[in-house]
Amino acid sequence: MKLYYSPGACSLSPHIALHEAGLPFELVLVSTKTHKLADGTDYYSINPKGYVPLLEFDDGTRLTEGPAIVQWIADQVPDRHLAPPAGTIERYRLMEWLNFISTEVHKQFGVIYNPAMPEEAKTVVRTRLNDRFGYINR
Ligand SMILES: N[C@@H](CCC(=O)N[C@@H](CS)C(=O)NCC(=O)O)C(=O)O
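Using the numbering used here, the letters of the sequence shown map in sequence onto residues 2 to 139.
See the structure below:
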């Protein structure tokens, strides 16, 4: 199994999950700036979305989107209790949180770090993120 990752990016979440699961995997470094691998391979030829994380199974199947990947990892090792059993309300709570973090928190950061975004937009997003983190804290 291969995890396509970039240091400091959201691929850290499935990276942690793989360690917690105790599953064997290798890391493949992706530049999120050039969208190339270390050997020069065009990452778009592996993931047309161009972003990390991507998990490649031993049979070549590729899975993208952090929330899907971490749940797949958890489901490989049910004895480790990394996620509640499928079909339970607790599992839907996990999906609820993963979706909230992915869309309402993580994706908002793109605006703050985008040099093309006007300062006014960044201020709006900072305020929104502050509200979201307040909700998470409560
Ligand atoms: N919806 C994706 C978002 C992944 C994402 O935004 N990855 C960023 C790093 S944190 C990335 O690779 N950005 C480079 C790009 O979009 O070209 C997920 O949840 O897995």
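Each residue gets a CB set at the ideal place from its N, CA and C atoms; glycine is no exception. It should be emphasised that the depicted structure is a prediction, and the values quoted were computed from it without experimental measurement.
Q.
Could you check whether the region 10 to 27 touches the region 70 to 88, counting it as contact only if at least three pairs of C-beta atoms, one from each stretch, sit closer than 8 angstroms?
A. yes
Q.
Helix, strand or coil, according to DSSP, for E105 in the structure here?
A. helix
(Q) I want to know whether the region 122 to 135 touches the region 98 to 111 - three or more CB-CB distances under 8 angstroms. (A) yes
(Q) Does the distance between the C-beta of A10 and the nearest non-hydrogen atom of ligand 1 fall short of 7 angstroms? (A) yes
Q. Should S103 be listed as close to ligand 1, given that the test is whether its C-beta is under 7 angstroms from any heavy atom?
A. Result yes, Cβ under 7 angstroms from ligand 1.
**Q.** Proximity of K3 and E27 at Cβ, strictly below 8 angstroms
**A.** By the CB criterion at 8 angstroms, K3 and E27 fall inside the cutoff.
Q. When the Cα of Y6 is compared with those of E91, V31, A18 and P86, which residue comes out closest?
A. V31
Q: Can you tell me which of the three DSSP states K3 falls into?
A: Collapsing the DSSP output to three states places K3 in a strand.
Q. When we look at the beta-carbon of P8 and count the other beta-carbons within 10 Å, is it buried (16 or more) or exposed?
A. exposed
Q. Distance, Cα to Cα, L64 vs N138?
A. 31 angstroms
Q) When DSSP labels each residue in this structure, what does V78 get in the three-state scheme? A) The DSSP-derived three-state label of V78 is coil.
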